[in-house]
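Asker: Below you will find the structure I want to go over with you.
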Amino acid sequence: MAPSTATAPGGLNHYAYATNDMVKTHKFWTEVMRCKFLGAQRQGGEPDKYSGETLGSFLHCFYGLADGSAVAFFELANNFTKTDDGIPAFTKHLALSVNSRDELYDWMAHFKSCGVDVKGEIDHDGLWYSIYVIDPNGQMVELTWQSRAFNEKDVEEGLEIMRQWREDKAGVLLTHKVATHHRLTFQSGVFNMWLEYG
């Protein structure tokens, strides 16, 4: 086999989620998030060509972002029951870029005018400034302005942070439940988030 010439993927095409209410989802992602509706597919009842399993009927809708990528949603003919997988919600958020901090503030005002609860502004170590909303499906959506590009210092420090994390996790520090109190700065105060490890 010849050596691979593949590089990193060129970008995100779409990220898919599930919904039990495409009407509310469509309204949120077109009117609140201002995404362009790109199209929909309706499928189901045919055997999957890989697994051979017969798929249930579903609707698949796509909403475009400014960079050409998309957010997509599946609605199943038989509504699913959402279950708690035990993974904290903050680890499963969708982060979308804005072009400036002023644009972030414009979005904050827009969300409030739409009656959408918005958390933030949160300062992530001066690198990202973010606000957060929850879509009708319980999906956390972050809008963020990145103040600078990553650099070689970030790479070096990041590798050291990862190394130290592995050591700590293998040792006593993280084998017991340890609560770390993160104070994340809001524009209008302090947002306290408790993260529990272990």
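Here our numbering is used: the first residue of the sequence shown is 2, the next is one more, and so on. In this text, a Cβ means the ideal position worked out from N, Cα and C, and glycines have one as well. Predicted, not measured: the structure shown is a model, and the values here were computed from it.
(1) When burial is assigned at 16 or more other CB atoms within 10 Å of the CB, is T145 buried or exposed?
(2) Mind checking M34: buried by the 16 CB within 10 Å criterion, or exposed?
(3) Under a Cβ-count criterion, where at least 16 other Cβ atoms within 10 Å of its own Cβ denotes burial, should K178 be classed as buried or exposed?
(4) Going straight from the alpha carbon of L60 to that of L77, what length do you get?
(5) Tell me which residues share the same chain as K25 and place their Cβ nearer than 7 Å to its Cβ, disregarding the 5 neighbours each side in the sequence.
(6) Could you tell me how far apart the beta carbons of V72 and L95 are, in whole angstroms, since I believe they sit closer than 8 Å?
(7) Would Y106 pass as an interface residue toward chain C - the criterion being a Cβ-Cβ separation below 9 Å?
(8) For the putative contact between S98 and G12, defined by C-beta atoms under 8 Å, what is the C-beta separation to the nearest angstrom?
(9) With DSSP collapsed to three states, give me the class of H125.
(10) Three-state secondary structure (DSSP) at A67?
Answerer: So, from the listed chains and residues:
(1) buried
(2) buried
(3) Summary for K178: the model assigns pLDDT 48, below 50, so the residue's position carries little reliability, and this model does not support an answer.
(4) 6 Å
(5) P137
(6) 7 Å
(7) Structure shown: chain C not included; a single protein chain is present.
(8) Not a contact, Cβ separation roughly 12 Å.
(9) strand
(10) coil
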